[in-house]
Amino acid sequence: MLLLISTLFVSCSLSKVEKSARKTIDGNWVLNSVSYDTQGVFNTVLFNDATTSCFKDSQWFFRSNNSTGSYNIINADCSTGVRNFRWAANEIGKNTGNFDFTMKFTDAKKNDLQEDTGYRMSLKYLDDNSMQMTQTIQFEGKPFNINLNFTRTTL
C-alpha cells in the first residue's frame, strides 16, 4: 500500500523545470498579436470561441497554484467578457524544455463547461516578459501553425 501511495505521489509531482515554467507563466498577460507560419490572410476562430481579430489585446490571467485562469475579450466588435479555464504546462520528455500547454473551459466555480473538449498548444517561448504559444491545425491537408504572442502586463 505504501509503495502504491508513493508511486502515485511521484507520478503526480511536477519536475523542477515544470515548476519553473508554471511560476513564470503565473500572472497577467496581454495577447498582442496572432501570427501564422503560412503566407496569406486568415481570420481563424480560436478555441471555438472568437476570431483571431477579437483576441487582439485580450487580457489573460494565469494562477499557477491552482492551475486556473481566465481571458477577457475587450474588442467591442466581438462577444466581450471573461472566459474561465483550467490549464497545465507539461514538459514533453525529460529536461527538454519543450512544453505542451493545455486548457479546458470552466465556469466561475471551476466546473468543466464541456467535459470532452479541451485545447492543446505548444509553449514555444517563455521568459519573464514574453510568451508564445502555437496551436497546430490542419489546413488543406497540411499542418498550419497559429502563433499567439503575449507580453506580461501589470493590470
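Just so we're aligned: the sequence shown equals residues 14 to 168 in my numbering.
Beta carbons are placed, not taken as given, at the ideal position from N, Cα and C, and that holds for glycine.
Which of helix, strand or coil DSSP assigns to residue i
{"i": "residue 69", "result": "coil"}
{"i": "residue 46", "result": "strand"}
{"i": "residue 130", "result": "coil"}
{"i": "residue 150", "result": "strand"}
{"i": "residue 19", "result": "Residue confidence is low: residue 19 scores 34 on pLDDT, short of 50, so the model does not pin down where it sits. Its coordinate-derived value is still stated next. If DSSP states are grouped into helix, strand and coil, residue 19 belongs with the helices."}
{"i": "residue 38", "result": "helix"}
{"i": "residue 77", "result": "coil"}
{"i": "residue 143", "result": "strand"}
{"i": "residue 30", "result": "helix"}
{"i": "residue 14", "result": "Residue placement at residue 14 is flagged as unreliable, the pLDDT there being 40, under the threshold of 50; the coordinate-derived value follows with that caveat. It is coil, neither helix nor strand."}
{"i": "residue 83", "result": "strand"}
{"i": "residue 122", "result": "coil"}
{"i": "residue 107", "result": "coil"}
{"i": "residue 162", "result": "strand"}
{"i": "residue 92", "result": "coil"}
{"i": "residue 24", "result": "With a pLDDT of only 42 at residue 24, under 50, the local geometry of the prediction cannot be trusted, and the value read off the model is given with reservation. Helix."}
{"i": "residue 137", "result": "strand"}
CB-CB length for residue i against residue j, believed under 8 Å
{"i": "residue 134", "j": "residue 144", "result": "Residue 134 to residue 144, Cβ: 11 Å. No contact."}
{"i": "residue 45", "j": "residue 67", "result": "Actually they are not in contact, since the Cβ atoms of residue 45 and residue 67 sit about 14 Å apart, beyond 8 Å."}
{"i": "residue 85", "j": "residue 95", "result": "5 Å"}
Minimum C-alpha distance to residue i - residue among the options
{"i": "residue 49", "options": "88, 166, 165, 156", "result": "156"}
{"i": "residue 111", "options": "152, 138, 74, 166", "result": "138"}
{"i": "residue 115", "options": "51, 65, 82", "result": "82"}
CB contact flag (residue i, residue j, <8 Å)
{"i": "residue 149", "j": "residue 158", "result": "yes"}
{"i": "residue 39", "j": "residue 99", "result": "no"}
{"i": "residue 47", "j": "residue 166", "result": "no"}
{"i": "residue 121", "j": "residue 34", "result": "no"}
{"i": "residue 37", "j": "residue 141", "result": "yes"}
For residue i: DSSP bridge partner residues
{"i": "residue 157", "result": "150"}
{"i": "residue 101", "result": "115"}
{"i": "residue 64", "result": "58"}
Any C-beta of chain C under 8 Å from that of residue i
{"i": "residue 102", "result": "This model lacks chain C altogether, as it is built from one protein chain only."}
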